[in-house]
Amino acid sequence: MKSFPCRSGFQVILLTLFFFSISSMLPVLGGELSPEEVGQGLVYSIVTGTGERLATTRYRPLVGDEYVTADNRLYRIHDVTAYTATASLQEVLDFSHEKTTGILSAQKRKGSIGIFHTHNAESYIPTDGTHSIHGKGGIHAVGHAFANRLEELGVESIFSEELHLPHDRGAYRRSRETVLEIIGKEPDAIFDLHRNAAPYAVYHHEHKEEELTHLQFVVGLLNPHAQVNRAFSYDLKNITNSLFPELVKGIFFTQGGNFNQDLYPTLLLVEVGAQSNPREAAERSIQLFAEGVYHYFYGWEGVTEDPKAAAPLVRTVGRTVLWILLFTLAGGILFLVINSRDIEDFRSRLAALGRGLKKKLQHLIKRRGV
Amino acid sequence: MIHLSSALFILLGVLLLIYLGLLHRVLERMYLTPLWALILIAAIFLTSYLPPLPFILGHSINFGGGIIPLGLITYILLQSRSPLAWKRVFAVTGGVALAIYLTDRFFPVEPGQWGFDLDPLYLPAVVAALLSYLLGRSRRAAFCGAILGVMLAELFSAQPGMVHGGGGLFDVLILSGIVAVLLTEAVGEINERLQNKGR
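In the order they appear, the protein sequences are chains F and D. Counting from 1, one number per residue, gives the positions in the first sequence under my numbering. Counting from 1, one number per residue, gives the positions in the second sequence under my numbering.
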């Protein structure tokens with residue numbers, strides 16, 4: 001196609017600028033669910049074939065998405081109509097043979113944990129008076145509670161309060177830099193703390209007559225080491241729930257997102273309660289979760305540690321690296337194929353590539369004097 | 001701990017492809033030699049650790065992740081003397097910026113709401129590749145348009161204080177540019193193969 005559909009590229013830029021100026025005056029149509037929408041039930045529910053409600057979430061489930069309940073039942077969604085996704089039981093996961101506490105205790109150190117908020121504005125209506133505050137919303141107080149409890153346990157917290165406003169999906173693009181900054185400090189794990197949008201009862205939880213909120217993990221499958229994220233989320237949920245039953249209500253595996261989890265294998269998106277729950281309850285819950293995190297990575301004092309505890313996670317990392325190498329090789333072959341005229345040309349290019357590699361290898365060996 | 005991000009994964013693939021000489025034609029169209037491409041990648045990586053510089057509208061810009069890509073875009077535009085190439089770059093830039101702005105503003109906060117509702121990390125590259133393919137399979141337009149489109153959209157939507165290209169090699173700017181070029185090349189070649197076979 002040689003012709004250009006617009007008389008001048010500058011016109012496109014001018015039109016774009018004009019559009020931005022006009023649309024910035026319009027209200028955001030997408031974005032966050034309002035309390036009225038949540039009240040009207042405009043949130044997504046994942047139910048089983050018998051009608052049992054597994055989860056209520058602001059994420060629209062897709063066919064093929066998965067949900068793991070607190071008692072390790074793995075469901076896969078096979079049908080989505082309006083606000084209801086129907087899921088069928090795939091298997092009951094068995095973790096009884098795996099020991100995943102104190103995976104870093106053999107290093108005789110207490111490391112650091114990264115914390116940040118992609119959606120800074122998220123707030124809790126009963127405490128903050130609104131579901132969204134432009135700037136540092138109520139979720140930042142939950143982040144502080146998490147960081148303080150970790151510090152009390154002797155773990156360094158790397159808490160970034162960097163803003164990624166406005167409160168839209170582009171915030172995930174903007175928070176990428178924050179994640180990379182935290183990664184530079186080599187934390188053992190990073191948590192992106194959010195709150196969900198759901199009716200009060202969905203996230204309401206009690207433990208020893210104290211009001212808490214449930215937590216929910218979200219793993220985006222659109223990233224190269226989703227399998228490591230998956231293994232990490234399973235282990236952390238099981239450890240936390242063994243200390244505080246049903247604190248983590250489940251894990252949502254969605255094919256529709258990345259959530260910057262491609263940047264770090266132990267980066268988890270954690271929903272701490274919902275907008276309709278009191279923030280104090282969310283703060284108490286995240287403090288309990290901090291103990292789960294501590295137990296998972298560093299174990300308790302006096303507990304006999306097993307240096308082989310990290311083996312399942314390391315195995316998963318190894319598998320992921322292998323997949324990445326295979327994908328890179330496949331990409332190389334694809335480019336070779338599409339740059340070849342026919343099979344003969346492909347063969348001669350492959351042979352030339354082999355000769356080139358051999359030559360480079362010989363040159364390297366010669367230089368090193370091997 | 002071993003961790004390979006999608007950006008690092010793509011980058012390793014690109015480095016391998018450059019090393020094996022398989023991206024020769026793409027680089028040629030962008031007025032680069034394999035050596036210069038490798039030098040640029042190394043320069044972006046090393047200089048991304050420098051403190052950010054003041055930009056416009058209260059925003060800042062990273063040297064490695066922002067200034068070097070802008071410099072490369074300027075070089076590509078100055079080298080290509082055809083006005084059509086310039087127009088293509090402007091058109092792809094406008095299209096990408098518009099796509100980002102519309103999806104950010106009018107789509108729900110969480111991505112993946114529909115089957116083709118792409119993550120905001122991958123959307124710019126796909127839109128840039130699609131537009132540049134439609135406008136004549138221009139690798140230059142794909143690369144320049146993806147980077148400039150993301151920058152333009154963020155300038156108008158993000159709050160002052162944002163650092164453009166702050167993630168260096170792993171930032172959405174570089175990632176979008178590289179993926180857009182690879183997509184344009186791969187999809188274009190495959191499509192032409194299929195069309196030629198059909199004849």
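For glycine and all other residues, C-beta sits at the position ideal for the given N, C-alpha and C. Just so you know, these numbers come straight off a predicted model, no measurement behind them.
Exercise. Leaving out five residues before and five after isoleucine 365 (chain F) in sequence, what residues of the same chain have Cβ atoms less than 7 Å from its Cβ?
Worked result: Within the first sequence, numbered from 1, the residue matching residue 365 (chain F) stands at position 365. Nothing meets the Cβ criterion.
Exercise. What in chain F is Cβ-close to glutamine 159 (chain D), meaning under 8 Å?
Worked result: Here residue 159 (chain D) corresponds to residue number 159 of the second sequence, with the count starting at 1. Under the 8 Å cutoff, chain F gives Leu163, Leu165, Pro166.
Exercise. Leaving out five residues before and five after threonine 304 (chain F) in sequence, what residues of the same chain have Cβ atoms less than 6 Å from its Cβ?
Worked result: Within the first sequence, numbered from 1, the residue matching residue 304 (chain F) stands at position 304. Because threonine 304 (chain F) sits at a pLDDT of 39, beneath the cut-off of 50, its placement in the model cannot be relied upon, and the following sentence gives the value as read from the coordinates. Hits under 6 Å: none found.
Exercise. So with Cβ pairs under 7 Å, would you call leucine 372 (chain F) a contact of chain D?
Worked result: For chain F, the structure presents residues 1 to 370; residue 372 (chain F) sits outside this window and is missing.
Problem set entry | Cβ pair isoleucine 159 (chain F), alanine 147 (chain F) closer than 7 Å | One-based indexing of the first sequence puts residue 159 (chain F) at position 159. One-based indexing of the first sequence puts residue 147 (chain F) at position 147. For the sequence presented, residue 159 (chain F) should be read as phenylalanine rather than isoleucine. Contact: yes.
Exercise. Can you name the residues of chain D whose CB is closer than 7 Å to the CB of asparagine 258 (chain F)?
Worked result: Here residue 258 (chain F) refers to the residue found at position 258 of the first sequence. By Cβ distance, chain D contributes Asp119, Leu121.
For this session: Alpha carbon to alpha carbon, how far is glutamine 227 (chain F) from glutamine 261 (chain F)? Give it in angstroms, no decimals.
Result: On the first sequence, position 261 is the one that residue 261 (chain F) refers to. On the first sequence, position 227 is the one that residue 227 (chain F) refers to. Each residue's Cα considered, the two are about 11 Å apart.
Exercise. Can you name the residues of chain D whose CB is closer than 8 Å to the CB of arginine 174 (chain F)?
Worked result: Position 174 of the first sequence, counted from the first residue, corresponds to residue 174 (chain F). What arginine 174 (chain F) touches in chain D: Glu154, Ala158, Met162.
Problem set entry | Buried or exposed (CB count within 10 angstroms, at least 16 for buried), glutamine 90 (chain F) | As a first step, residue 90 (chain F) must be located in the first sequence, where it is residue number 90. By the 10 Å Cβ count, glutamine 90 (chain F) comes out exposed.
For this session: Starting from the beta carbon of valine 172 (chain D), find every residue of chain F whose beta carbon is closer than 7 Å, and list them in chain order.
Result: Taking the second sequence and counting its residues from 1, the one referred to as residue 172 (chain D) is at position 172. Within chain F, the residues near valine 172 (chain D) are Arg173, Arg176.
For this session: Kindly list the residues whose CB is nearer than 8 Å to the CB of tyrosine 83 (chain F), restricted to its own chain and excluding five residues on each side of it in sequence; keep chain order.
Result: Counting from 1 along the first sequence, the entry for residue 83 (chain F) is found at position 83. For tyrosine 83 (chain F), where only same-chain residues beyond five positions count, the Cβ hits under 8 Å are Gly41, Leu42, Val43, Tyr44, Ser45.
Problem set entry | Rounded separation between methionine 30 (chain D) and leucine 148 (chain D) - CA only | Taking the second sequence and counting its residues from 1, the one referred to as residue 30 (chain D) is at position 30. Taking the second sequence and counting its residues from 1, the one referred to as residue 148 (chain D) is at position 148. Straight-line Cα distance between these residues: approximately 16 Å.
Problem set entry | Proximal chain D residues relative to arginine 58 (chain F), where beta-carbon distance stays under 8 Å | Residue 58 (chain F) sits at position 58 when you count from the first residue of the first sequence. Correct list: Pro108, Val109, Glu110.
Problem set entry | Those residues which DSSP pairs with glutamine 216 (chain F) across a bridge | Here residue 216 (chain F) corresponds to residue number 216 of the first sequence, with the count starting at 1. DSSP, once it has assigned bridges, lists F:Gly250, F:Glu271 as partnering glutamine 216 (chain F).
Exercise. If we cut at 7 Å on Cβ distances, does arginine 169 (chain F) have a partner in chain D?
Worked result: For the purposes of this step, residue 169 (chain F) is taken as residue 169 along the first sequence, with counting starting at 1. Closer than 7 Å: yes.
Exercise. Sorted by chain position, which residues of the same chain lie with C-beta nearer than 7 Å to glutamate 271 (chain F)'s C-beta, five sequence neighbours on each side aside?
Worked result: For the purposes of this step, residue 271 (chain F) is taken as the residue at position 271 of the first sequence. Same-chain partners within the cutoff: His194, Arg195, Asn196, Leu215, Gln216, Val218.
For this session: Specify, as a first and last residue, the run of the beta strand (DSSP E) that tyrosine 75 (chain F) falls within.
Result: As a position in the first sequence, residue 75 (chain F) is number 75, starting the count at 1. Here the beta strand (DSSP E) through tyrosine 75 (chain F) covers 73-81.
Exercise. Using 7 Å as the limit for Cβ to Cβ distance, is glycine 149 (chain D) near chain F?
Worked result: Counting from 1 along the second sequence, the entry for residue 149 (chain D) is found at position 149. So no, glycine 149 (chain D) is outside the interface.
Exercise. Can you tell which of D:Ile73, D:Ser157, D:Leu169, D:Asn191 has its C-alpha closest to the C-alpha of alanine 43 (chain D)?
Worked result: As a working mapping, residue 43 (chain D) is identified with position 43 in the second sequence. The residue with the shortest Cα to Cα distance from alanine 43 (chain D) is D:Leu169.
Problem set entry | the segment 129-146 of chain F contacting the segment 56-68 of chain D, beta-carbon criterion three pairs below 8 Å | no
Problem set entry | DSSP state of threonine 86 (chain F) mapped onto helix, strand, coil | Here residue 86 (chain F) refers to the residue found at position 86 of the first sequence. Here threonine 86 (chain F) sits in strand by DSSP.
Exercise. Would you say the segment 84-94 of chain D touches the segment 128-141 of chain D, given that touching needs at least three Cβ pairs under 8 Å?
Worked result: yes
For this session: Please check if any C-beta of chain F sits within less than 7 Å of the C-beta of glycine 58 (chain D).
Result: The residue labelled residue 58 (chain D) in the question sits at position 58 within the second sequence. No, glycine 58 (chain D) lies away from the interface with chain F (no Cβ there is under 7 Å from its Cβ).
For this session: With DSSP as the reference, label phenylalanine 297 (chain F) as helix, strand or coil.
Result: Mapped onto the first sequence, residue 297 (chain F) falls at position 297. Helix, per DSSP.
For this session: Identify each residue in the segment 108-120 of chain F for which the Cβ-Cβ distance to at least one residue of chain D is less than 9 Å, and report them in chain order.
Result: His119
Exercise. Whose C-alpha, out of D:Leu182, D:His24, D:Glu110, D:Val14, is nearest the C-alpha of valine 126 (chain D)?
Worked result: Reading the second sequence from its first residue, position 126 is the one you call residue 126 (chain D). Answer by Cα proximity: D:Leu182.
Exercise. Relative to the alpha-carbon of alanine 37 (chain D), which residue among D:Gln159, D:Ile178, D:Leu118 has its alpha-carbon at the smallest distance?
Worked result: Translated into positions along the second sequence, residue 37 (chain D) becomes position 37. Measuring from the Cα of alanine 37 (chain D), the nearest candidate turns out to be D:Ile178.
Exercise. Straight-line CA distance for threonine 33 (chain D) to serine 48 (chain D)?
Worked result: Here residue 33 (chain D) refers to the residue found at position 33 when the second sequence is read from its first residue. Here residue 48 (chain D) refers to the residue found at position 48 when the second sequence is read from its first residue. Taking the straight line from one Cα to the other gives about 22 Å.
Exercise. Counting only beta-carbon atoms, is glycine 64 (chain D) nearer than 7 Å to chain F?
Worked result: Counting from one through the second sequence, the residue named residue 64 (chain D) turns up at place 64. It does not; no Cβ of chain F falls within 7 Å.
For this session: Please report how far the alpha carbon of glycine 49 (chain F) lies from the alpha carbon of tyrosine 67 (chain F), in whole angstroms.
Result: For the purposes of this step, residue 49 (chain F) is taken as residue 49 along the first sequence, with counting starting at 1. For the purposes of this step, residue 67 (chain F) is taken as residue 67 along the first sequence, with counting starting at 1. Each residue's Cα considered, the two are about 14 Å apart.
Problem set entry | Buried versus exposed call for leucine 191 (chain D) [16 or more other C-beta atoms within 10 Å across all chains shown] | Within the second sequence, the letter at position 191 stands for residue 191 (chain D). According to the sequence shown, residue 191 (chain D) is asparagine rather than leucine. Classification of asparagine 191 (chain D): exposed, given that the 10 Å Cβ count is below 16.
For this session: Kindly indicate which residue of F:Ser96, F:Glu344, F:Ala274 has the alpha-carbon position closest to the one of threonine 213 (chain F).
Result: The sequence position of residue 213 (chain F) within the first sequence is 213, counting from 1. Minimum Cα distance to threonine 213 (chain F) is reached at F:Ala274.
For this session: Classify valine 26 (chain D) as buried or exposed, calling it buried when 16 or more other Cβ atoms lie within 10 Å of its own Cβ.
Result: Locating residue 26 (chain D) in the second sequence gives position 26, counting from the first residue. Per the 10 Å Cβ criterion, buried.
Exercise. From what residue to what residue does the beta strand (DSSP E) around serine 112 (chain F) run?
Worked result: The count along the first sequence starts at 1 and reaches residue 112 (chain F) at position 112. From DSSP, the beta strand (DSSP E) with serine 112 (chain F) extends over 112-116.
For this session: Can you have a look at tyrosine 294 (chain F) and say buried or exposed, based on whether 16 or more other CB atoms are within 10 angstroms of its CB?
Result: Translated into positions along the first sequence, residue 294 (chain F) becomes position 294. Label assigned to tyrosine 294 (chain F): buried.
Exercise. Interface residues of chain F around glycine 166 (chain D) at Cβ under 7 Å?
Worked result: Here residue 166 (chain D) is taken as the residue at index 166 of the second sequence, counted from 1. Result: Glu177.
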